[in-house]
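Asker: Take a look at the following structure, please.
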């Protein structure tokens, strides 16, 4: 961790109202070796804040920032900054989580936590949150639980007010992991129902701008798309917190976020250009935390139409891209060139030559595919996913593709919600720079997201019966049987590396910049739990 300090004036229109709740930043007193006390308020500046506080409509990283930050899920990963593969799932709202010996059910006992309205967490809340709310308004949640082996049509058997069983249709290795998914959010059903109407039986409109959950945070203020302020609820009943107020502010401009952090007006900041993290690492008073991750930023293809339905064309594009130059030029070396469809942390290796930079071979493949002069290509990207780095990486890729005759037109989509719609709903893209936050850190899940057939996943419309069969096999093997799983994953990786429905560009770490405020270790999706601030 690098610790440095520098301050200069900042002009930030519209942020003063949020910043002022901090009072002032901590000042040093006593001997020079004494560290400043951690302030009780944390101002966190991010590129974007979601338009609503619910799990749908989903705003990508913006929504994950809030859903993970608040943290009203049954479970959490036991994370480690240096190890990108989480070792286990631990209880959050749950006091205990027990997989049955026959692998047919998961028994959960709840903590006696209080909601903002003073209601106690109950089995009925969990049933409502999944079967009457979450599965209804958010199809991805239901499909992800089905994929993780849950009997989504007979999900929960109630034992008592604090104890229940999840029913499994078939064991899947991601069964326990699913409980920490940011979308698996538990609501205060009693409070929500008081705001239901005939037209809105699940009070979705009210939940857009109000909190009714068991996160232990009370809502002070929420301006959709701009800011959110919450205060720790002393009646919650969960673990104590160092930071008792969090102010989240959307600041799209990278330079303004950097200035706010350097002056101490913000304590936590994410979403910078990699070059800014590099510059911040030299600033006095700024801590840079760099944690290993499973994240990979990629280039996705819609394989429904020519020319991208031809694997030779997709291979040519992959071989035309100098990933080392992208890692250096766009990511300021806060990235590692990808060599396969999977992160190197899984140890699957590299298969074939598609990830080798070879423009001459790329031109040859294009000629074989019938495009000796190249073709026109629309390259879509947005600053929300995989991040603002796409402003640089898109231009570099455009130039690299031009070298082999492919004329890429850049299409920018600024709105996180619109980008999600284009990628997952309408699929109105030809190629796109993308990076899906890791909701479940099991390679079986990552393979499903990359290569599964559901349009709610990658949306590439590429299908492989062989991959689906391998996925079925590996998903039924418990994670502890690592050798058996690894052999199957190698086969999946080999197909991914040769068929290329998408190509990975770089592996990226999670980088957080702080000023006087420990932030905790990011979850596998790269987001921070606000309850860990100051610890």
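Residue numbers (mature numbering (1 follows the signal peptide of the UniProt record, and there is no 0)): -26 to -1, 1 to 509.
No residue lacks a Cβ here, since even glycine has one placed at the ideal position from N, Cα and C.
1) Would you call residue 54 buried or exposed, if buried means 16 or more other Cβ atoms sit within 10 Å of its Cβ?
2) For residue 407, report the span of its beta strand (DSSP E) as first-last.
3) Between which two residues does the alpha helix (DSSP H) containing residue 464 stretch?
4) At the 8 Å Cβ level, is residue 11 part of the contact set with chain D, yes or no?
5) With a CB to CB cut of under 8 Å and the five nearest residues on each side skipped, what residues in its chain are close to residue 309?
6) When the Cα atoms are used, what is the spatial distance from residue 340 to residue 277?
7) Does residue 327 pass the burial test, meaning 16 or more other C-beta atoms within 10 Å, or should it be called exposed?
8) Would you give the residue range spanned by the alpha helix (DSSP H) that residue 270 belongs to?
9) To the nearest angstrom, how far is it from the Cα of residue 7 to the Cα of residue 508?
10) Quick one: give me the first and last residue of the alpha helix (DSSP H) that residue 283 is part of.
11) Using a Cβ-Cβ cut-off of 8 Å (strictly less than) and excluding sequence neighbours within five positions of residue 437, which residues of its own chain qualify?
12) Would you call the stretch 49 to 67 in contact with the stretch 254 to 272, where contact means no fewer than 3 C-beta pairs closer than 8 Å?
13) Answer yes if the stretch 225 to 233 comes into contact with the stretch 192 to 201, meaning at least three C-beta pairs across the two stretches below 8 Å, and no otherwise.
14) In three-state DSSP terms, what is residue 191?
15) Please name the residue in 15, 273 and 435 whose C-alpha comes closest to that of residue 351.
16) On the CB-based measure, 16 or more other CB atoms within 10 Å of its CB, does residue 204 come out buried or exposed?
17) Kindly indicate which three-state DSSP category residue 331 falls into: helix, strand or coil?
18) Among the residues of its own chain, which have a CB less than 8 Å from the CB of residue 124, if the five just before and after it don't count?
19) Which same chain residues end up closer than 8 Å to residue 174 when comparing Cβ atoms and leaving out the 5 residues on each side of it in sequence?
20) Please report the straight-line C-alpha distance between residue 505 and residue 421, rounded to a whole angstrom.
21) Going by DSSP in three states, residue 398 sits in which element: helix, strand or coil?
22) In terms of alpha-carbon separation, which member of 23, 14 and 30 lies closest to residue 39?
23) Determine whether the beta carbon atoms of residue 467 and residue 292 lie at a separation below 8 Å.
24) Round the Cβ separation of residue 102 and residue 163 to the nearest angstrom and send it over; I've been treating them as touching at under 8 Å.
25) Would you report the Cα separation of residue 376 and residue 171, rounded to the nearest angstrom?
26) Specify whether the stretch 403 to 418 and the stretch 354 to 363 touch according to this definition: at least 3 beta carbon pairs, one from each stretch, less than 8 Å apart.
27) Quick check: residue 503 and residue 378, are their CB atoms within less than 8 Å of each other?
28) Which of helix, strand or coil does DSSP assign to residue 310?
29) Note down, in chain order, each residue of its chain lying with its Cβ closer than 6 Å to the Cβ of residue 449, except the 5 sequence neighbours on either side.
30) By alpha-carbon positions, which one of 391, 132 and 45 ends up nearest to residue 190?
31) Grouping DSSP H, G and I as helix and E and B as strand, with all else coil, what is residue 50?
32) Tell me the rounded alpha-carbon separation between residue 497 and residue 325.
33) Just mark residue 160 as buried or exposed, buried being the case when its beta carbon has 16 or more other beta carbons within 10 Å.
34) How many angstroms separate the CA atom of residue 96 from the CA atom of residue 82?
35) Between residue 346 and residue 78, what straight-line distance do the alpha-carbon atoms span, to the nearest angstrom?
36) Could you check where the beta strand (DSSP E) with residue 73 kicks off and where it finishes?
Answerer: With the structure as the only source:
1) So residue 54 ends up on the exposed side.
2) Where residue 407 is concerned, the enclosing beta strand (DSSP E) stretches over 405 to 408.
3) It spans 456 to 473 - the alpha helix (DSSP H) in which residue 464 sits, taken as one unbroken run.
4) Included in the structure is just one protein chain, with no chain D present.
5) Cβ contact annotation for residue 309 (same chain, cutoff 8 Å, sequence separation greater than five): 248, 271, 300, 301, 480, 481, 482 and 483, in chain order.
6) Cα-Cα distance, rounded: 16 Å.
7) Label assigned to residue 327: exposed.
8) Looking at the DSSP string, residue 270 is not in any alpha helix (DSSP H); the run it does join, the beta strand (DSSP E), is 270 to 275.
9) Confidence at residue 7 is low in this model, with a pLDDT of 45, below 50, so the placement of that residue should be treated as unreliable; the coordinate-derived value is given next. Here the C-alpha atom of residue 7 lies approximately 19 Å from the C-alpha atom of residue 508.
10) For residue 283, there is no enclosing alpha helix (DSSP H), since its DSSP letter is neither H nor E.
11) The answer, listed in chain order, is 427.
12) The stretch 49 to 67 makes contact with the stretch 254 to 272: 3 or more CB pairs, one atom from each, lie closer than 8 Å.
13) Contact annotation: the stretch 192 to 201 does not touch the stretch 225 to 233, with fewer than three C-beta pairs closer than 8 Å.
14) Taken through DSSP and simplified to helix, strand or coil, residue 191 comes out as strand.
15) Nearest C-alpha to residue 351: 273.
16) Residue 204 is classed as buried because its beta carbon has at least 16 other beta carbons within 10 Å across all chains shown.
17) Coil at residue 331, not helix or strand.
18) Cβ neighbours of residue 124 beyond the five flanking positions: 140, 141, 142, 143, 149 and 152.
19) So the list reads 180, once near-sequence residues are dropped.
20) One C-alpha to the other measures close to 31 Å.
21) DSSP places residue 398 in helix when its eight states are reduced to three.
22) Among 23, 14 and 30, the Cα nearest to that of residue 39 belongs to 23.
23) Taking C-beta atoms as the reference points, residue 467 and residue 292 fail to come closer than 8 Å.
24) In this structure, residue 102 and residue 163 form a Cβ contact; the two beta carbons are roughly 4 Å apart against a cut-off of 8 Å.
25) Going by the C-alpha atoms only, they are around 56 Å apart.
26) Counting Cβ pairs under 8 Å, three or more are found: they touch.
27) No, Cβ-Cβ distance for residue 503 and residue 378 is not below 8 Å.
28) Taken through DSSP and simplified to helix, strand or coil, residue 310 comes out as strand.
29) If we look at residue 449 and ignore the five residues flanking it on each side, its Cβ neighbours are 146, 147 and 418.
30) Comparing Cα positions, the closest option is 45.
31) Residue 50: strand per DSSP, three-state reduction.
32) Residue 497 and residue 325: Cα-Cα distance of roughly 29 Å.
33) Around the beta carbon of residue 160, 16 or more other beta carbons lie within 10 angstroms, which makes this residue buried.
34) If you take the alpha carbons of residue 96 and residue 82, they lie about 11 Å apart.
35) Distance between the alpha carbons of residue 346 and residue 78: 56 Å.
36) Start and end: 68 to 73.
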